[in-house]
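Plus 223 on top of the position in the sequence shown (first one is 1) and you've got our numbering. Where is the CB? At the ideal position from N, CA and C, for every residue including glycine.
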Amino acid sequence: MTEYFEVHARDGAARVGTLRLETPRTTPTLVDDVLTDAGSLWSANREVPTGSDTELTVLPHRAFPGGTADEVAEAFAAEYPDVDYPSVAVISSDHAADHGTDAYAVSDVQSVVGHGAALAEAVVSVREAIPADTALYLSGVATPRNVAALAYAGVDLFDETAAQLLGTQGRYLTTDGAYFLEDLTELPCACPVCQQPREEVTREDCAEHNANALRAELGIVRRRIRDGTLRDYLEGQARHDQWLTAAMRELDDQWTYLEERTPILRNAQLAATTGDTIRRVEIQRFADRVTTRYRNRFQNPLVLVPCSAAKPYSESQSHTQFHDAVQWRAHLVSLTSPIGVVPQELETTYPAQHYDTVVTGRWTDDEKAFVGEVLGRYLERNEYPSIVAHVPEEGYREIVSRVAKALDLEVTYTVPEGGHPTDKQSLENLADALAGELKYSKREREHNTVRAIADYLFGDAAGDDLFAEIKTTSRYPKIQVRDREDAQLATMVPQYGTLSFTLAGAKRWVESDVPTKRVQIDEFVPHGSVLAPGVVDADESIRVGDEVVVEGPEAFGVGRAEMFGREMVESSRGIACEIRHIEER
Ligand SMILES: [Zn+2]
């Protein structure tokens with residue numbers, strides 16, 4: 224439990240927070256000037272320091288080298304006193320534990336920086352052992368080049384030590400590299416130090432420049448976290464050092480850690496610019512949910528089409544042409560890199576309409592393998608009376624035919640060799656392939672859309688369970704879901720392709736067999752938002768952006784999660800969820 228640190232914005236494992244000292248600091252940040260170390264207990268017995276609200280006090284500690292045996296670490300573990308000022312405990316990554324302090328410094332950090340797998344493992348094991356609302360401090364390692372990756376992993380506090388030390392050794396640091404000061408005929412920086420005549424720049428100046436460059440990079444990192452685009456930045460920034468790229472990829476393999484911390488929706492566009500985009504949580508989670516939760520409810524043939532640059536797809540020029548040929552006689556599923564497959568009902572669901580990819584018409588082997596695998600899983604789960612592939616030759620056709628062969632499915636291809644899906648001939652072939660098929664109604668389309676979104680959000684069969692008997696009103700994509708007595712249950716939110724419930728909808732959810740994402744609160748009636756200290760318990764499946772039911776002895780309500788479930792329970796500060804509707808009990 225911490226009084227002196229509060230998280231305000233999250234972007235995956237990275238957070239923007241406030242270190243609540245007498246003069247507050249916004250994190251991720253440098254703490255050199257506000258840190259006091261009470262010292263090691265190895266060298267002397269030490270009194271509990273008096274401490275102060277103006278600084279972070281590192282409590283007397285005993286650090287252990289990596290690989291210390293558990294018995295030894297336990298026998299010599301420092302006792303951390305309960306103090307009423309901002310405090311830091313020193314822990315090693317293999318013996319991390321909650322000591323009730325506001326921040327944690329990792330003692331064996333020097334041995335993991337430079338090694339992607341070791342860094343990912345160390346940060347994850349420490350973060351999983353300490354409460355979600357405490358700050359993580361890596362001392363003596365931050366550089367302008369690595370700090371974005373470290374913040375992305377979930378580190379909040381840094382210092383200038385490494386940047387200063389390297390500077391006094393004549394190493395000039397930038398976000399993309401490290402140079403010998405002597406080798407530089409021109410200084411590639413606009414900070415005040417670097418405006419002096421080149422020959423007057425000393426090693427002390429170099430150290431000052433390094434610290435400036437580090438501070439500037441942290442400003443970019445904070446901006447990126449607030450915008451929800453740190454990952455997009457890191458996919459570029461990590462390229463400047465092999466171990467940072469390795470660290471990013473090793474973190475991608477820490478699925479449980481990253482998935483829990485990644486919001487299910489964002490305003491920001493996802494920039495699919497590198498091969499690593501496919502591995503990010505948002506992409507893998509969408510593919511996973513589409514192939515394990517979503518189920519096609521239409522009886523019509525399947526038509527596979529290419530995605531469009533304009534989103535949602537149905538508003539693009541090419542998809543308008545496909546639609547004119549299809550005329551609601553088929554279920555439309557878009558093939559796309561890096562998302563995989565997008566059934567028409569989920570075309571607005573994050574991130575299906577929130578990504579921009581590099582358009583060259585050429586697919587990499589990784590893209591083909593990924594889209595092929597998702598399509599294969601999709602077709603194993605969903606049976607269709609017939610399958611039409613209205614796709615161009617390049618990339619798409621190869622993927623579809625490979626999957627069709629593997630699953631022994633018959634596919635009709637409607638784009639002639641050398642042709643394009645929007646050619647007159649191709650569109651005629653598409654219309655012909657569906658000759659004699661019946662159209663489905665607007666009602667069926669709308670009902671299936673809200674059920675598909677419920678599957679996606681809550682799990683396999685949730686759509687049927689929650690919305691078996693419904694009416695829909697209002698125009699797509701702002702569909703309103705009502706029960707047979709006309710009471711409104713939910714509304715589709717077009718920006719994210721999600722659902723927002725009314726109180727009646729929330730009650731139906733609680734009474735159904737669909738697992739409820741429930742936030743249990745204390746005896747009070749929340750208005751506006753529920754703060755973390757008021758949370759008694761919360762479902763572990765809750766992610767930032769999830770629809771949640773808020774329940775307590777005095778209130779029943781529904782709203783949207785601002786923290787993940789475990790974080791709501793572990794945190795002593797901050798907004799756990801925003802309330803949309805509430806009633807007293
Ligand atoms: Zn400079």
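At which residues does the beta strand (DSSP E) containing residue i begin and terminate?
i: lysine 730; result: Counting along the chain, lysine 730 falls outside any beta strand (DSSP E), though it belongs to the alpha helix (DSSP H) covering 726 to 734.
i: tyrosine 536; result: Tyrosine 536 -> no beta strand (DSSP E), and no H or E assigned at all.
i: aspartate 260; result: 258 to 260
i: glutamine 743; result: 741 to 744
i: threonine 635; result: 634 to 636
i: serine 557; result: 554 to 559
i: serine 263; result: Looking at the DSSP string, serine 263 is not in any beta strand (DSSP E), and its letter there is neither H nor E.
i: tyrosine 360; result: 358 to 360
i: leucine 279; result: 279 to 281
Taking 7 Å as the cut-off, is the beta-carbon of residue i closer than that to any non-hydrogen atom of ligand 1?
i: alanine 436; result: yes
i: histidine 284; result: no
i: cysteine 414; result: yes
i: leucine 410; result: yes
i: histidine 432; result: yes
i: cysteine 417; result: yes
Hey, could you find the ends of the alpha helix (DSSP H) residue i is sitting in?
i: valine 594; result: 588 to 604
i: arginine 803; result: Premise fails: arginine 803 lies in the beta strand (DSSP E), 798 to 807, not in any alpha helix (DSSP H).
i: valine 623; result: 621 to 630
i: threonine 515; result: 504 to 515
i: histidine 810; result: Here the chain covers residues 224 to 808 and nothing more, so residue 810 does not appear.
i: aspartate 476; result: 465 to 476
i: histidine 670; result: 665 to 681
i: serine 330; result: Per DSSP, serine 330 belongs to no alpha helix (DSSP H) and is neither H nor E.
i: aspartate 760; result: No alpha helix (DSSP H) contains aspartate 760, which is instead part of the beta strand (DSSP E) from 758 to 761.
i: glycine 390; result: 384 to 391
i: glycine 400; result: Counting along the chain, glycine 400 falls outside any alpha helix (DSSP H), though it belongs to the beta strand (DSSP E) covering 400 to 403.
i: lysine 647; result: 647 to 656
i: valine 416; result: Looking at the DSSP string, valine 416 is not in any alpha helix (DSSP H), and its letter there is neither H nor E.
i: serine 310; result: Element bounds for serine 310: not the alpha helix (DSSP H) but the beta strand (DSSP E), 310 to 314.
i: aspartate 234; result: Note, aspartate 234: premise wrong, no alpha helix (DSSP H); beta strand (DSSP E) at 228 to 234.
i: leucine 689; result: 685 to 689
i: phenylalanine 299; result: 293 to 299
i: arginine 789; result: 788 to 793
Give me the Cβ distance between residue i and residue j, rounded to the nearest whole Å; I'm assuming they're in contact under 8 Å.
i: valine 564; j: valine 513; result: 6 Å
i: valine 753; j: valine 773; result: 6 Å
i: tyrosine 578; j: glutamine 718; result: Not confirmed; about 14 Å, so no contact.
i: aspartate 725; j: tryptophan 732; result: Position check: residue 725 holds threonine in this sequence, whereas aspartate was assumed. About 10 Å; that fails the 8 Å criterion.
i: alanine 301; j: leucine 264; result: 6 Å
i: alanine 710; j: alanine 729; result: That belief does not hold up - the Cβ atoms of alanine 710 and alanine 729 are roughly 12 Å apart, past 8 Å.
i: glycine 757; j: glutamate 229; result: Rounded, the Cβ-Cβ distance is 15 Å, inconsistent with contact.
i: methionine 791; j: alanine 778; result: At roughly 16 Å, the Cβ-Cβ gap does not stay under 8 Å, so methionine 791 and alanine 778 are not in contact.
i: methionine 190; j: serine 794; result: A query on residue 190 cannot be resolved here, the shown segment of the chain reaching from 224 to 808 and no further.
i: arginine 350; j: leucine 359; result: 6 Å
i: valine 444; j: histidine 432; result: 19 Å between Cβ atoms; not a contact.
Would you say residue i faces chain B, with C-beta separation under 8 Å as the test?
i: histidine 613; result: This model lacks chain B altogether, as it is built from one protein chain only.
| request: Decide if the segment 360 to 371 is in contact with the segment 432 to 445; the criterion is three or more beta carbon pairs, one per stretch, under 8 Å apart. | output: yes
| request: Please confirm if the segment 500 to 514 is in contact with the segment 248 to 261, defined as three or more CB-CB distances below 8 Å between the two stretches. | output: no
| message | Contact between the segment 641 to 654 and the segment 664 to 673 is defined here as three or more beta-carbon pairs at a separation below 8 Å; is this criterion met? | response | Contact between the segment 641 to 654 and the segment 664 to 673 is absent, because fewer than three Cβ pairs lie under 8 Å.
| said: Contact between the segment 478 to 498 and the segment 452 to 470 is defined here as three or more beta-carbon pairs at a separation below 8 Å; is this criterion met? | reply: yes
| Does the segment 707 to 725 come close enough to the segment 748 to 765 to have 3 or more Cβ pairs within less than 8 Å? | no
| field | Touching by the beta-carbon criterion (3+ pairs, under 8 Å), the segment 539 to 556 and the segment 652 to 662 | value | Touching, per the Cβ criterion.
| Is there contact here, the segment 326 to 339 with the segment 397 to 413, by at least three beta-carbon pairs under 8 Å? | no
| Meets three-Cβ-pair contact criterion under 8 Å: the segment 742 to 756 and the segment 700 to 713 | no
| task | Inspect the CB distances between the segment 537 to 548 and the segment 472 to 484 and report whether three or more fall short of 8 Å. | result | no
| task | Evaluate contact between the segment 515 to 523 and the segment 600 to 610, counting only Cβ atoms and requiring at least three cross-stretch pairs below 8 Å. | result | Taking a cut-off of 8 Å on C-beta distances, the segment 515 to 523 touches the segment 600 to 610, as three or more cross pairs fall below it.
| query | Within the chosen definition, does the segment 585 to 604 reach the segment 626 to 642 through at least 3 CB pairs nearer than 8 Å? | reply | yes
| request: Inspect the CB distances between the segment 234 to 248 and the segment 377 to 387 and report whether three or more fall short of 8 Å. | output: yes
| said: So, does the segment 272 to 279 touch the segment 305 to 314, judging by three or more C-beta pairs under 8 Å? | reply: For the pair of segments examined, the segment 272 to 279 was found to touch the segment 305 to 314: the number of CB pairs separated by less than 8 Å reaches three.
| message | Contact between the segment 332 to 344 and the segment 402 to 410 is defined here as three or more beta-carbon pairs at a separation below 8 Å; is this criterion met? | response | no
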